[in-house]
Structures are given as C-alpha cells and as structure tokens.
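K.L.:
Everything in the sequence shown is counted per UniProt numbering, starting at 1 for the first residue and increasing by one.
The C-beta atom is built at its ideal place from N, Cα and C for all residues, glycine as well.
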Amino acid sequence: MRKLPLQQVEALHSDHSPIHGTVSDADGDVLVRVSDNPAGYTIPAHSHRQIQLLCAFSGVVQINTERGSWMIPPGHGLLIPARLQHSVEMLSDVSIKSVYLLTEHDDLAARMLQVLGVTDLAHALIVEAIRLSDTPPGTRKLALVLELLTAEIAALPIRPLGLPIPVDRRLSALCRAYMAAPSVTERLDDWAAKLAMSRRTFTRFFQRETGLSFVAWRQQASLFACLPRLAEGVPVTEVAMLAGYDNVAAFTTMFRRRLGTAPRNYMRASLVR
Numbered sequence: 001m002r003k004l005p006l007q008q009v010e011a012l013h014s015d016h017s018p019i020h021g022t023v024s025d026a027d028g029d030v031l032v033r034v035s036d037n038p039a040g041y042t043i044p045a046h047s048h049r050q051i052q053l054l055c056a057f058s059g060v061v062q063i064n065t066e067r068g069s070w071m072i073p074p075g076h077g078l079l080i081p082a083r084l085q086h087s088v089e090m091l092s093d094v095s096i097k098s099v100y101l102l103t104e105h106d107d108l109a110a111r112m113l114q115v116l117g118v119t120d121l122a123h124a125l126i127v128e129a130i131r132l133s134d135t136p137p138g139t140r141k142l143a144l145v146l147e148l149l150t151a152e153i154a155a156l157p158i159r160p161l162g163l164p165i166p167v168d169r170r171l172s173a174l175c176r177a178y179m180a181a182p183s184v185t186e187r188l189d190d191w192a193a194k195l196a197m198s199r200r201t202f203t204r205f206f207q208r209e210t211g212l213s214f215v216a217w218r219q220q221a222s223l224f225a226c227l228p229r230l231a232e233g234v235p236v237t238e239v240a241m242l243a244g245y246d247n248v249a250a251f252t253t254m255f256r257r258r259l260g261t262a263p264r265n266y267m268r269a270s271l272v273r
C-alpha cells in the first residue's frame with residue numbers, strides 16, 4: 001500500500017475532525033454522512049455515541065478494533081456499536097457513506113460487528129437521504145426515507161468477512177505477516193514450531209485466540225488480501241497467483257465457497273452501482 005505524504009495525512013485528519021464533532025453533537029435520531037478518502041489513509045481510532053453503519057460504496061476499507069478486523073468491500077457495510085474505538089484503513093481509493101443511529105435498536109444487536117451486504121433498496125435510500133440532507137429538519141420525505149432506511153438496515157444480509165486478530169502478541173505478529181503476504185502453502189506445523197508449541201497445543205491455542213481453525217483463518221486472511229487487489233482491477237489470475245494458488249480454478253472455488261459467487265462476478269456486481 002502506498003504511503004501518503006505527511007502534509008496530506010495532516011490535511012485529511014483536519015477534514016475528519018469536524019465531521020466527528022458534528023456527528024457527536026447531532027440531535028437527530030438518524031444521520032447520514034459522506035467521506036471520500038485516498039488509498040493509504042487511515043482515520044485514527046475514535047468512537048461515536050451512535051451506532052454506525054459504515055458502507056463502502058466504492059473501494060475497500062478495513063475496520064480495526066480491539067475485537068478484531070473486518071474487511072468492507074464495495075457494496076458492503078459494517079455495523080459498529082456505539083462508543084467502540086475503531087480505526088478505518090483505506091486499502092484503495094474509497095467512497096464511504098455512513099448512517100448513524102442515535103436511538104437503541106434491539107433488532108440490530110445480532111448484527112453488530114457483522115459485515116452486511118448493502119441491498120439495492122438500502123443503497124437507494126442512503127443516496128436519497130444524502131440528497132435530502134440539506135432540507136429542513138422534520139421534512140416529511142426525509143423522515144420517511146430515514147424511517148425506511150432504519151428498517152432496511154435491520155434486514156441486511158450478513159456476509160462472512162470478519163477476521164479475528166489474536167490478542168497474543170506472538171501469534172498476532174504471525175497473523176499480520178501472513179495478511180501482508182498470504183500463501184496457501186503455509187502450514188500449521190510451521191507456525192507451531194515458530195511458537196515452540198506442539199501441533200496439538202498450537203491447534204487449541206489458535207482456536208482459543210481466534211475462534212477459528214488454522215485452515216479457516218488462513219482462507220479468510222487470503223480472501224482479505226485479495227479483495228483490495230480485485231477492487232483495483234488486478235486480473236483474477238494474477239490475484240490467485242499472489243495468494244499462492246497454483247491455478248485460478250482452486251482460487252475461484254475458495255472464493256465462491258466463502259462469498260457465494262466467482263471473483264469476477266462478485267466485484268462486477270459491487271462496482272456497477
């Protein structure tokens with residue numbers, strides 16, 4: 001990922017600070033905000049007093065919290081609990097649309113920190129809410145749009161795009177190194193040896209730290225690494241090779257198993273909006 005000049009980073013920080021303040025001080029039950037950011041920029045750790053649905057309308061972002069990391073590809077969002085510290089890392093040029101919900105919503109509890117697919121209806125409602133954002137408070141059309149949007153958020157489909165990051169520093173370092181350079185040839189026994197553990201001990205340790213088996217976590221991490229490249233238009237064949245797959249068919253099978261469609265179809269469907 002490219003590194004931004006310090007002056008540009010400071011300017012972006014300055015742009016985001018007023019937005020966070022405006023959101024924190026707002027009285028409305030539902031707010032909608034827009035943020036366009038370049039690849040390589042990270043919004044520093046912060047929190048909101050509202051529930052936030054952070055949607056990537058284009059590009060790929062990674063949300064990092066103490067509870068784990070989540071990849072948000074185009075056409076998806078993450079429901080972030082109120083007052084949870086999180087940073088937002090731009091893995092490509094990104095257009096973010098965020099919906100903030102001030103009031104409690106019991107029907108959203110099961111969807112917290114879940115990657116959600118943004119339906120066509122939700123997409124259209126967010127766009128319309130943004131268009132109407134300058135209208136006087138209480139405008140009937142805006143109120144109806146926001147009411148329907150809130151109901152639609154509670155029905156958004158959950159997507160399997162979470163990636164737990166271990167608390168243990170040694171294991172976390174191995175996981176982050178793998179995310180930077182994924183390879184399906186990585187073996188459990190090699191990781192166990194690096195941590196001076198037996199295979200059985202490491203297996204239990206890894207499961208306890210991540211909630212996933214080593215193989216399941218490795219596949220998910222590989223998927224994480226691939227999505228930004230696909231979003232940038234890198235050919236599927238090249239992405240498959242970079243992920244350590246000997247052939248495109250094996251990569252496509254893994255991708256389809258995780259996301260329900262082939263890589264080309266998936267990114268095409270996400271980007272046509």
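#1: Got a sec, what are the start and stop residues for the beta strand (DSSP E) Tyr-100 sits in?
#2: Cα-Cα, which of Leu-132, Pro-74, Asp-106, Glu-104 is closest to Gly-117?
#3: In this structure, how does DSSP classify Asp-36 when only helix, strand and coil are distinguished?
#4: Counting along the chain, where does the beta strand (DSSP E) carrying Glu-209 start and finish?
#5: In whole angstroms, give me the CA-to-CA distance for Asp-168 and Gln-207.
#6: Tell me which same chain residues have a C-beta within less than 7 Å of the C-beta of Phe-251, skipping the five on either side of it?
#7: With DSSP collapsed to three states, give me the class of Arg-159.
#8: Would you check if the distance between the CB atom of Glu-89 and the CB atom of Val-61 is smaller than 8 Å?
#9: Counting only runs that start and end within the segment 98-132, where is the beta strand (DSSP E) found for 3 or more residues in a row?
#10: What would DSSP say about Gln-85, mapped onto helix, strand or coil?
#11: Considering just the uninterrupted stretch of the alpha helix (DSSP H) at Ile-165, what are its terminal residues?
#12: Tell me whether the beta-carbon of Gln-85 lies closer than 8 Å to the beta-carbon of Ala-124.
#13: How big is the Cα-Cα spacing for Glu-152 and Leu-144?
#14: Considering only C-alpha positions, which residue in the set Ala-225, Leu-121, Thr-253 is nearest to Leu-163?
#15: For Arg-199, which residues of its own chain have a beta-carbon under 8 Å away from its beta-carbon, when the five flanking residues on both sides are left out?
#16: Less than 8 Å between the C-beta atoms of Tyr-266 and Ala-221, yes or no?
#17: For Ser-222, report the span of its alpha helix (DSSP H) as first-last.
#18: Comparing alpha-carbon positions, which option in Leu-149, Ala-173, Leu-223 lies nearest Ser-183?
P.N.:
So, from the listed chains and residues:
#1: 94-101
#2: Pro-74
#3: strand
#4: Careful: Glu-209 lies outside any beta strand (DSSP E), inside the alpha helix (DSSP H) at 199-210.
#5: 12 Å
#6: Ala-240, Ala-243, Tyr-245
#7: strand
#8: yes
#9: 115-117
#10: coil
#11: Here Ile-165 belongs to no alpha helix (DSSP H), and DSSP marks it neither H nor E.
#12: no
#13: 12 Å
#14: Ala-225
#15: Leu-188, Asp-189, Ala-192
#16: no
#17: 214-231
#18: Leu-223
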